[in-house]
Each structure stands twice: as structure tokens, then as C-alpha cells.
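Numbering (the numbering used here), first residue to last: 105 to 549.
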Amino acid sequence: MRRTIPLLLALALSAFTVYAEEKASPALSQLVESSRGAAPDVPEAAGAPIKLAAASRKAGSSGAVMLQGFHWESHQAYPWWGILSSKASAIAAAGVDIVWFPPSSEAQSDEGYLPSRLYVQTSRYGTQDQLKKAISSLHSNGVKAIADMVLNHRVGTKDWGDFTEPAWGPESVCGDDEWVGARGGRDTGKGFHAGRDIDHANPVVQKSVAEWMNWLRKDIGYDGWRYDYVRGFASKHLAQYHDATSPSFAVGEVWDDFDSGNPDAHRQKLCDWLDSMGGRSSVFDFTTKALLQQAVSSGEYWRLGDRQGKPAGLIGWWPAKAVTFLDNHDTGASTGGPGQNLWPFPGDKIMQGYAYILTHPGVPCLYWPHLFDWGLYDQLKALGQLRQAAGITSTSSVQILAADGSKYAAIVGGKLAVKIGPGSWSPGEGWSLSAYGKDYAVWSK
105 MRRTIPLLLA LALSAFTVYA EEKASPALSQ LVESSRGAAP DVPEAAGAPI KLAAASRKAG
165 SSGAVMLQGF HWESHQAYPW WGILSSKASA IAAAGVDIVW FPPSSEAQSD EGYLPSRLYV
225 QTSRYGTQDQ LKKAISSLHS NGVKAIADMV LNHRVGTKDW GDFTEPAWGP ESVCGDDEWV
285 GARGGRDTGK GFHAGRDIDH ANPVVQKSVA EWMNWLRKDI GYDGWRYDYV RGFASKHLAQ
345 YHDATSPSFA VGEVWDDFDS GNPDAHRQKL CDWLDSMGGR SSVFDFTTKA LLQQAVSSGE
405 YWRLGDRQGK PAGLIGWWPA KAVTFLDNHD TGASTGGPGQ NLWPFPGDKI MQGYAYILTH
465 PGVPCLYWPH LFDWGLYDQL KALGQLRQAA GITSTSSVQI LAADGSKYAA IVGGKLAVKI
525 GPGSWSPGEG WSLSAYGKDY AVWSK
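Shown next, in the form of C-alpha cells:
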């Protein structure tokens with residue numbers, strides 16, 4: 105049951121809901137459709153890729169698999185940290201190397217995305233001690249933990265901008281924020297109406313944020329970061345925090361409008377953000393989600409290959425920095441409640457999607473409900489073990505052998521062959537069928 109909240113907070117949460125819907129506009133407006141069925145004769149995207157460096161970098165290859173360790177309604181299963189602790193061995197057995205935690209600071213929203221007292225790590229997910237135990241349990245099983253860093257905005261302890269733990273004055277809030285008391289410089293990114301836009305050009309804020317993040321690493325035990333809403337402020341400031349805290353892994357959220365007639369423009373924006381960070385961080389591959397989702401939903405598997413014969417998502421241009429996924433707390437369904445469900449991957453095609461991302465380059469990210477609540481654990485574990493045994497990494501090669509209206513097939517890293525879609529296909533002699541299900545199959549050699 106949700107707590108009764110004061111009017112001021114209710115207004116903020118209402119604005120937060122609007123923000124979440126706006127953030128999902130590429131899904132809700134859905135894809136700007138080209139013709140269905142056969143692949144249309146689409147002209148070469150103008151200027152793509154704009155930055156060739158983004159297309160060719162392969163440094164930092166990783167064999168990691170990631171798990172989003174929560175969903176939108178996880179706070180209802182209090183204490184969620186206890187559930188994470190109890191699942192640590194099962195998480196590791198599924199081949200997961202990194203778990204993304206929900207925002208763990210005290211917040212004025214149950215889900216944690218309206219943080220208030222940053223140093224207070226007792227939240228709707230559990231106490232600070234329970235949080236530290238969850239992280240320790242994962243570490244004991246060889247799994248790293250990354251924190252969801254909501255750095256763009258913050259809410260006051262009792263009012264709009266009375267920040268405590270750490271204490272910041274009105275000069276910490278961007279001067280063009282809705283709060284009449286704001287005294288900081290202009291916002292360097294997109295605004296956020298449910299909380300106070302923080303002025304990250306302020307030296308006091310910069311020092312305070314870096315100290316807090318290092319405290320999270322050293323005292324709480326986090327290994328790295330998931331950067332929320334990175335378009336909210338200039339990347340140069342985020343790069344400063346990144347350098348000051350030396351995370352073992354970091355990934356940013358860049359969710360933008362998608363035109364299915366020009367996917368190169370979409371993945372170029374992801375590359376541009378990676379370039380703005382100097383390649384420090386990875387980024388969620390929303391381009392691959394959009395294309396894969398449309399491919400399995402509409403029988404348009406040809407969308408998964410570009411004109412150069414490479415994967416059409418970010419993994420075709422900058423795979424070392426791509427984190428692939430099917431759903432997250434914004435896009436997908438939740439357990440024990442409606443969740444956000446703003447842009448869900450089709451439920452009857454989930455295993456097709458995972459057969460793709462768990463065999464392809466990039467760092468694949470599983471979604472908690474899919475792994476633990478949908479009865480798919482054994483199938484996902486099998487795919488994860490195949491990936492590991494074949495030595496597939498974030499930069500493994502991809503040879504696309506079929507991409508049409510009924511199927512997609514490829515050989516990855518020379519060690520795995522995968523087919524998704526209802527069409528028939530086989531890699532031929534010398535391959536052993538290692539995993540299969542409705543409309544997907546994976547072979548190994």
C-alpha cells in the first residue's frame with residue numbers, strides 16, 4: 105500500500121509521471137513506420153556515421169552479462185535488499201556478472217527517482233545494513249553491484265529546495281528551474297519538472313557529489329554506476345564525476361525519439377553521447393531494442409542488418425560500449441503491480457529477443473521479472489552458459505547469413521550460430537544444436 109503524501113509532494117509526483125511519459129515518447133509515438141513486409145529501398149542515411157571513430161573503436165572488450173536487479177514495483181516487496189541477497193547464488197549461476205540496483209538514497213518517491221537526503225541509504229527498498237548485505241552477498245558470488253545514480257535533480261527534505269545530507273544552498277539549483285528560490289546558473293541540459301535541476305557547474309556541488317559517490321563506493325560497497333537521465337546536464341560534468349570515482353563499470357541512459365526509416369540517426373546520437381564522455385562510459389542500446397522489437401512484432405527481421413552487413417543497432421558501430429536489453433523498469437511490465445509498461449517487448453517473443461542479445465556483441469542486460477518471475481530462468485541460464493563457453497564478448501564478430509521477412513540468422517565469434525523467427529534455417533554440418541524454443545535456436549561448435 106502506498107503512503108499518504110503531502111500536497112506538495114503529490115504535485116511533484118504528478119509532474120514526475122508526466123516526465124516518465126515524455127521520456128518514453130519514442131515508444132508511445134512508436135516508430136515512424138516505413139512500409140511493412142519486405143525491406144524498402146531506403147537511401148543511405150545522410151552523414152552516417154558522422155564520427156567514424158565511434159564506428160571503429162573496439163577497446164575495452166568485455167564478456168560481462170548484466171542484470172537489472174529490480175522493476176518498478178520492487179519497493180512493494182519490502183525489504184527488496186533481502187530478496188537480492190537470497191538470489192545472489194542464482195544470479196551468479198545464470199552467468200550474470202553485474203547487477204544494477206535501484207536508487208538507494210532516501211527519496212520522496214517510492215521508486216527512488218526523486219532523491220532527497222543522499223547519504224541516508226535507508227529507503228523503501230530496505231535499511232542501509234540490508235543494502236550492504238545484498239552487495240556483500242553478490243560480491244561473495246563474484247558479482248559486482250552498480251548504483252542507479254540520479255544526479256540531474258533532487259528534492260528538498262521538507263520543501264522545494266531545503267537540501268540536507270549533504271546541505272546545499274539555493275545557488276545549487278539552476279536559475280531557470282521552476283523554484284522561485286533558485287540562484288544557480290542556467291541548466292546545461294534538459295529540464296526536469298518534478299525536482300530541482302541541480303547546477304553541476306557549481307564547484308560546491310561538484311565537490312559534494314564526488315565525495316558522496318566515493319562514499320557509496322568505499323562505505324556502501326558499490327562497484328560502479330548506472331547514470332540516469334544523462335541528457336539533463338552537460339556530459340563534461342558527468343565525466344568529472346566518473347574520473348573522480350573510477351567505477352569498474354558505468355552505463356548511461358540516452359532515450360530519444362526513433363525513426364525506423366533512419367535508424368542510423370538514432371544510433372548516431374548514442375555515439376555522440378559516448379564521444380561527449382570520451383568513451384568513459386557505456387550506453388544502453390535503445391536502437392537495438394527498437395529494431396529487435398519491431399523485427400519480432402511485425403516479421404521484419406531484415407531490420408536487424410544494415411547496408412554494410414553489420415547489426416543495425418549500436419552494436420554494429422560501437423559494440424564495446426553498447427549495453428543491449430529488451431525491457432527495463434520504464435518500458436516493461438512489473439511483478440505485483442502494473443508497473444510503467446511504457447514500451448514493452450512482446451511477451452510471446454521474449455525468448456527470441458534474448459536468443460539475439462545473449463549471442464551477440466555488446467553487454468546484454470537481463471530484466472529481473474524475465475529472469476525470476478516468468479518461468480524463463482532455465483532457458484536464460486542455458487543461453488548465458490553458451491555465451492560464456494563460446495567466449496562471446498562485447499566485440500565479437502557477427503556474420504549475418506539471413507535477414508528477411510521470416511527469420512534472422514548469424515554466426516557470432518565463429519563459435520555460435522543463432523536463428524530467430526518462424527522461418528527455417530540451419531548452419532550446416534559441424535554445428536551442434538545447443539538451445540532452442542519457439543522460433544529460436546542456437547548452435548555451437
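All C-beta atoms in this analysis are idealised placements derived from N, C-alpha and C, irrespective of residue type, glycine included. Predicted, not measured: the structure shown is a model, and the values here were computed from it.
Query, Result
"For ASP214, the residue or residues it bridges with in DSSP", "Bridge partners of ASP214: none, in fact."
"Three-state class that DSSP yields for SER227 in the structure shown", "strand"
"VAL146 to GLY365 span [Cα, whole Å]", "With a pLDDT of 33 at VAL146, under the threshold of 50, the modelled position of that residue is not reliable, and the figure given next carries that caveat. Their Cα atoms are separated by approximately 7 Å."
"Proximity below 9 Å, CB of LEU242 to CB of ILE195", "yes"
"Spatial neighbours of GLN344 in its chain, beta-carbon cut-off 7 Å, leaving aside the 5 residues before and after", "GLN310"
"Contact check, THR391 vs PRO367, beta carbons under 9 Å", "yes"
"Sheet register partners of HIS257 (DSSP bridge)", "ASP301"
"Contact set for ALA314: own chain, Cβ-Cβ below 8 Å, skip 5 residues either direction", "GLN344, TYR345, ALA348 and THR349"
"Element boundaries [alpha helix (DSSP H), containing LEU520]", "It is not in any alpha helix (DSSP H) - LEU520 instead sits in the beta strand (DSSP E) that spans 520–524."
"Enclosing beta strand (DSSP E) for VAL427 [first to last residue]", "426–429"
"Rounded C-alpha distance that separates TRP190 from ASN245", "The sequence shown places Ser at residue 190, rather than the Trp named in the question. Distance between the alpha carbons of SER190 and ASN245 is about 12 Å."
"Enclosing beta strand (DSSP E) for ILE504 [first to last residue]", "502–507"
"Continuous alpha helix (DSSP H) stretch holding GLY488: start and end", "481–494"
"Alpha-carbon to alpha-carbon, ASP201 and ALA251", "14 Å"
"Contact under 9 Å by Cβ, ILE454 with TRP478", "yes"
"Nearest residue (CA-CA) to LEU408, options HIS464, GLY451 and ASP360", "HIS464"
"Straight-line gap, LEU480 to GLY167 (C-alpha atoms, nearest Å)", "22 Å"
"Classification of PRO307 by the beta-carbon crowding that lies within 10 angstroms, buried from 16 upward", "exposed"
"Cβ neighbour criterion (16 or more within 10 Å) applied to ASN446", "Reading off the sequence, residue 446 comes out as Leu, not Asn. Flag for LEU446 reads buried."
"Host alpha helix (DSSP H) of SER240 (start-end)", "232–244"
"Under the three-state DSSP convention, the category CYS278 falls into", "coil"
"Cβ contact check for the stretch 258–272 and the stretch 175–183: 3 or more pairs under 8 Å", "no"
"Distance between CYS469 and ASP452 (C-alpha atoms, nearest Å)", "19 Å"
"C-alpha gap between GLU75 and LEU484, whole angstroms", "There is simply no residue 75 to check, as the chain begins at 105 and stops at 549 in what is shown."
"DSSP-derived helix/strand/coil call for ARG330", "strand"
"Contact belief for VAL387 with LYS414 at Cβ below 8 Å, rounded distance in angstroms", "Not really, about 18 Å apart at Cβ, beyond 8 Å."
"Through-space distance from HIS257 to HIS304, alpha-carbon basis", "10 Å"
"Same chain, Cβ closer than 7 Å to SER500, five either side skipped, listed in chain order", "PRO465, VAL516 and GLY517"
"Neighbour-count burial assignment, VAL284, 16 or more Cβ in a 10 Å radius", "exposed"
"Helix, strand or coil at VAL467 according to DSSP, with G and I counted as helix", "strand"
"Identity of the residues DSSP links to TYR544 by a beta bridge", "ILE524 and GLY541"
"Supposed close pair GLY527, LYS511 - CB separation, criterion 8 Å", "3 Å"
"Residue closest to LYS237, alpha-carbon to alpha-carbon, out of ASN432, ILE324 and LYS373", "ILE324"
"Close Cβ partners of GLY230 (< 7 Å) along its chain, the five nearest in sequence each way excluded", "TYR182, PRO183, TRP184, TRP185 and GLY186"
"Cβ of GLU275 within 9 Å of any chain D Cβ", "Reference to chain D is not applicable here, since this structure consists of a single protein chain."
"Own chain, CB closer than 6 Å to MET170, minus 5 neighbours either side, in chain order", "ILE202, VAL467 and CYS469"
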